[in-house]
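Student: Please find one structure pasted underneath; my questions will follow.
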Amino acid sequence: MQEYLIPFDKELVKDIQEETLINMYTMMARIRKFEERVGDLVSEGKIRTPCHLYIGQEAVAVGVCFALDKDDCVFSTHRSHGHYIAKGGDIKKLMAEIYCKATGCSKGKGGSMHITAPEVGFLGSSAIVGGSIPLAVGVSLASSIQDNGRIAVAFFGDGAICEGVFYESLNFAALKKLPVIFVCENNFYSTHMPISKIQADTEVYKRAEVFKIPGIRIDGNNVVKVFTETKKAVESAELGKGPTLIECLTYRWRGHVGPSWDLDKPIRPKEEVMWWVNNCPIKRFEAFLMKEGILSDLEKEKIYKEVEREIEEAVKFAEESPYPEVGGGGNGVFK
Amino acid sequence: MRYLTYAEAINETFHQLMDQDERVVLIGQGVTSPWYVGTTTVGLIDRFGERRVIDTPVSENGITGIAAGAALAGIRPILVHPRMDFMYYAMDQIANHIANWYFMLGEKMNIPLVIWGIINRGGEQAAQHSQALQAMFTHIPGLKVLVPSNPYDAKGLLVSAVADDNPVVYVDDRWLYNQRGEVPEEMYSVPIGKGVIVKEGKEVTVVAISYMVVEALKAAKELIKEKVDVEVIDPRSLKPLDTELIFESVRKTGRLVIADGGWRTCGVAAEIASLVSENVFGSLKAPIRRVTLPDMPAPASRALERAYYPREREIVQSVIELMGGNYS
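Going down the list, the sequences are from chains B and D.
Just so we're aligned, residue 119 is where the first sequence starts under our numbering, counting upward by one.
Just so we're aligned, residue 5 is where the second sequence starts under our numbering, counting upward by one.
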């Protein structure tokens, strides 16, 4: 598994401001702490909506979203909290939605899997595997019709590669040279199934070849690498060269759904899970930042303190918020 | 007054909508082909170009999602499925995504998309090129469903569909394409959810859907000879449905026949029958009758097609039987 990792070095960060690096680190910490808190709240029975935790994959959402403008749009999946937070969504509204409260970003009607923050370009998440990929292509089609330079990103997992709509979407986007970036988070498992048992060819990025678009496989746990490769894809799209497929190798620490590590189930060897935990995307980045003198222990402590304060504020907000009223404000089926 | 065929009315509406509003685009399989969509798209590609008249690969689910994504980003797409049968491929995007998006995400994002599905019945086209799926879409919360039956409504409802902020499934029956009718040249809209009495009568209400309105009007004429005075109602929209118009008519006549070109079980006719039973049961003088397709796939042979597709004769027969008579 060692071959999946690309070490951090000075060359990789040479064009990135220190402040940006610190912001990336902070955002990853925010997602990690948020998800850990959600996991605990699920265990305590306070959260019931099915939560698919993003712990271990933070570098992908952060690396991609930091390469985008606020107006650029992203679509996500059932495992969506990280993308929402990285794109700049309000975490109080997110926590309230996970509590299924009226103050949630989807008014308590969507739950964990259906969240949205259109004000920051997070247009929504779908629990149907592969389902939001064509929606992202559609936004990029609108960009090309309106000529407004807006980029769209579709986040999806390796499981979505087995859906027909993935290929339909890639073909159309490649054909029309649309400004869309396909980001596959390959965490090696589609629920309980290792990808080697469901894909004839497990090299996801090679799917790009048949559509004659760039496809790359990168260390998805190296936030800077994700950021720089996404930047290249954005530039390519802006030049009218069309889409890029970025396969980010990463790993979800917990089980498919809920806080459990599922180590008692015959799905993933404990050694494998621990290898990824030991190569934590946040710890790796942190070690580099400290080595380079960009981050100090004091600053780190300050960041975590602030992030935890924000999250506790979000939990308090969610707990104190009312549930949606039955029949309140119409049924909301039609605009 | 000016007369146009149904297909000409749709074509004119596309030209006017696209000319008036640059957000309107036409996307789908065959929009530049001379046969898939009949003559309804003539001249559009030359006038508006490939950027707004987008012919697509046969990727129904993908293209439907792409049209929905464009709608989320401020475009007003009209998406065509030139044979409704292929819409099954797009059911995930239509039912899971498009219909749910507004509700599921707390009313933040609406999808102003017109999904234009065309029924291609008859012609020995068999089971996969002939289905009338209006009931499928009417069943799903979050979709509006329109079923125009004449050139005037085809134009007015298309204008309303494009102006609507919700997803609208606009169901066309190719058997209507050569019907002629009065169509004003200027843009006008027909309100969504408002039905119309196309022929007044006192003894039996016939609610007819889409092309079955044409057959119901023929039946009504025939029934005059049999001294039965029927009222024909065209709901024009299945969701929302103008229930009050139907109830009021049933209160007057006490008898109801529903004619729909879809299947019988859990069909549009079944739904209208339930609504009438639930709401105006006391006004009924006889059981409700349905004229629909039987619960079987469409056959190819014309010999079998004649029995499969109900027409004027089946409506006349139902009405006469309802009046206690015999018809052979």
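C-beta: ideal position from N, C-alpha, C; glycine also.
Just so we're clear, the structure is a prediction, and the values are computed from it rather than from any experiment.
Within 8 Å (strictly less), CB to CB, does GLU390 of chain B reach chain D?
Tutor: No, its Cβ sits nowhere closer than 8 Å to a Cβ of chain D.
Student: Mind listing the chain B neighbours of GLY66 of chain D? Cutoff is C-beta to C-beta under 7 Å, in chain order.
Tutor: Per Cβ cutoff of 7 Å: PRO252, VAL283, GLU286, SER287, PHE290.
Student: Check whether the region 182 to 200 of chain D and the region 229 to 247 of chain D touch, using three or more Cβ-Cβ pairs below 8 Å as the test.
Tutor: Yes, the region 182 to 200 of chain D touches the region 229 to 247 of chain D.
Student: For the candidate residues B:LYS225, B:GLU410, B:TYR122, whose alpha-carbon lies nearest to that of ILE140 of chain B?
Tutor: The shortest C-alpha separation from ILE140 of chain B is found at B:GLU410.
Student: Drop a sphere of 10 angstroms on the beta-carbon of ALA355 of chain B, count the other beta-carbons inside from all chains shown, and report buried for 16 or more, exposed for fewer.
Tutor: Result: buried.
Student: Just confirm the distance between the C-beta atoms of THR348 of chain B and VAL192 of chain B, as a whole number of angstroms; I'd bet it's less than 8 Å.
Tutor: Not quite, the Cβ-Cβ distance comes to about 11 Å (not below 8 Å), so this is no contact.
Student: Helix, strand or coil for ILE123 of chain D? Go by DSSP, reduced to three states.
Tutor: Reduced to three states, the DSSP call for ILE123 of chain D is strand.
Student: Strictly below 7 Å CB to CB, what residues from chain B border ARG55 of chain D?
Tutor: Those within 7 Å of ARG55 of chain D in chain B are ILE263.
Student: Which same chain residues end up closer than 6 Å to HIS196 of chain B when comparing Cβ atoms and leaving out the 5 residues on each side of it in sequence?
Tutor: So the qualifying residues of the chain are HIS170, MET231, ALA245.
Student: Excluding the 5 residues flanking GLY458 of chain B on each side, which residues of the same chain have their C-beta closer than 6 Å to its C-beta?
Tutor: Residue 458 of chain B lies beyond the range of chain B shown here (119 to 453); nothing can be said about it.
Student: Less than 8 Å between the C-beta atoms of ALA11 of chain D and GLY42 of chain D, yes or no?
Tutor: Against a cut-off of 8 Å, the Cβ pair of GLY42 of chain D and ALA11 of chain D comes out as a contact.
Student: Between the C-alpha atoms of ILE316 of chain B and ASN65 of chain D, what's the straight-line distance to the nearest angstrom?
Tutor: Cα to Cα, ILE316 of chain B sits roughly 22 Å from ASN65 of chain D.
Student: Of the choices D:VAL28, D:HIS19, D:GLY73, D:VAL320, whose alpha-carbon is the least far from that of THR209 of chain D?
Tutor: Of the candidates D:VAL28, D:HIS19, D:GLY73, D:VAL320, the one whose C-alpha sits nearest the C-alpha of THR209 of chain D is D:VAL320.
Student: In the structure shown, what three-state DSSP assignment does LEU253 of chain B receive?
Tutor: Helix, per DSSP.
Student: Using a 10 Å radius around the Cβ and a threshold of 16 neighbouring Cβ atoms, would you call VAL381 of chain B buried or exposed?
Tutor: Reading off the sequence shown, one finds Leu at residue 381 of chain B, where the question assumed Val. So LEU381 of chain B ends up on the exposed side.
Student: Could you list which residues in chain D have their beta carbon closer than 9 Å to that of PRO236 of chain B, in chain order?
Tutor: Result: LEU76, LEU109, LYS112, MET113.
Student: Strictly below 8 Å CB to CB, what residues from chain A border SER244 of chain B?
Tutor: No chain A appears in the structure shown, which is made up of the protein chains B and D.
Student: Can you look up GLU404 of chain B in the DSSP assignment and give me helix, strand or coil?
Tutor: In this structure, GLU404 of chain B counts as helix in the three-state DSSP scheme.
Student: With TYR7 of chain D as the anchor, note down where its beta strand (DSSP E) starts and where it stops.
Tutor: It spans 7 to 9 - the beta strand (DSSP E) in which TYR7 of chain D sits, taken as one unbroken run.
Student: With three or more C-beta pairs closer than 8 Å as the rule, is the region 196 to 210 of chain B touching the region 424 to 444 of chain B?
Tutor: Cβ pair count under 8 Å is three or more, so yes.
Student: Under DSSP, the alpha helix (DSSP H) around LYS211 of chain B begins and ends at which residues?
Tutor: 209 to 216 is the span of the alpha helix (DSSP H), which, as asked, contains LYS211 of chain B.
Student: Does the separation of the CB atoms of ASN397 of chain B and ALA177 of chain B fall below 8 Å?
Tutor: Not in contact: ASN397 of chain B and ALA177 of chain B (Cβ atoms no closer than 8 Å).
Student: Taking contact to mean 3 or more Cβ pairs, one atom from each stretch, closer than 8 Å, check whether the region 292 to 307 of chain D and the region 126 to 139 of chain D are in contact.
Tutor: The region 292 to 307 of chain D, when compared against the region 126 to 139 of chain D, does touch it at the 8 Å Cβ threshold.
Student: In the structure shown, what three-state DSSP assignment does PHE452 of chain B receive?
Tutor: In the structure shown, PHE452 of chain B sits in coil (DSSP, three-state: anything other than H, G, I, E or B).
Student: Would you mind giving the Cβ-Cβ distance between LEU83 of chain D and ILE31 of chain D, rounded to the nearest angstrom? I have them listed as a contact below 8 Å.
Tutor: At roughly 5 Å, the Cβ-Cβ gap stays under 8 Å, so LEU83 of chain D and ILE31 of chain D are in contact.
Student: Can you list, in chain order, the residues of its chain with a C-beta nearer than 8 Å to that of MET88 of chain D? Leave out the 5 residues immediately preceding and following it.
Tutor: Cβ neighbours of MET88 of chain D beyond the five flanking positions: GLY121, ILE122, ILE123, ASN124, GLN135, ALA136, LEU137, VAL175.
Student: For GLU142 of chain B, which of helix, strand or coil comes out of DSSP?
Tutor: Note on residue identity: the sequence assigns Met, not Glu, to residue 142 of chain B. Helix at MET142 of chain B.
Student: What does the Cβ neighbour count give for ASP336 of chain D, buried or exposed, with the cut at 16 atoms within 10 Å?
Tutor: Because chain D here runs from 5 to 332, residue 336 of chain D falls outside it and cannot be looked at.
Student: Tell me the DSSP secondary structure of TRP267 of chain D in three-state form.
Tutor: Strand.
Student: Any chance you could list the alpha helix (DSSP H) runs of at least 4 consecutive residues sitting entirely within the region 260 to 294 of chain B, in chain order?
Tutor: The qualifying runs are 282 to 293.
Student: Run down chain B in chain order and give the residues with a C-beta less than 8 Å from the C-beta of GLY185 of chain D.
Tutor: Ordered by position in chain B, no residue passes the 8 Å Cβ test against GLY185 of chain D, which lies about 30 Å from the chain.
Student: What residues of chain B sit near ILE49 of chain D, judged by a beta carbon separation below 8 Å?
Tutor: None at all; the shortest Cβ gap to chain B is about 15 Å.
Student: For SER322 of chain D, which option in D:PRO195, D:ALA223, D:TYR156, D:LYS206 has the closest C-alpha, if you only look at C-alpha atoms?
Tutor: Checking every option, the nearest Cα to that of SER322 of chain D belongs to D:ALA223.
Student: For the alpha helix (DSSP H) that contains THR296 of chain D, what are its first and last residues?
Tutor: Note, THR296 of chain D: premise wrong, no alpha helix (DSSP H); beta strand (DSSP E) at 293 to 297.
Student: Any idea what DSSP makes of TYR192 of chain D, helix, strand or coil?
Tutor: Of the three classes helix, strand and coil, the one that applies to TYR192 of chain D here is coil, per DSSP.
Student: In chain order, what are the residue ranges of uninterrupted beta strand (DSSP E) at least 3 long that sit wholly in the region 296 to 353 of chain B?
Tutor: Listed in chain order, the complete beta strand (DSSP E) runs (minimum 3 residues) inside the region 296 to 353 of chain B are 298 to 304, 333 to 337.
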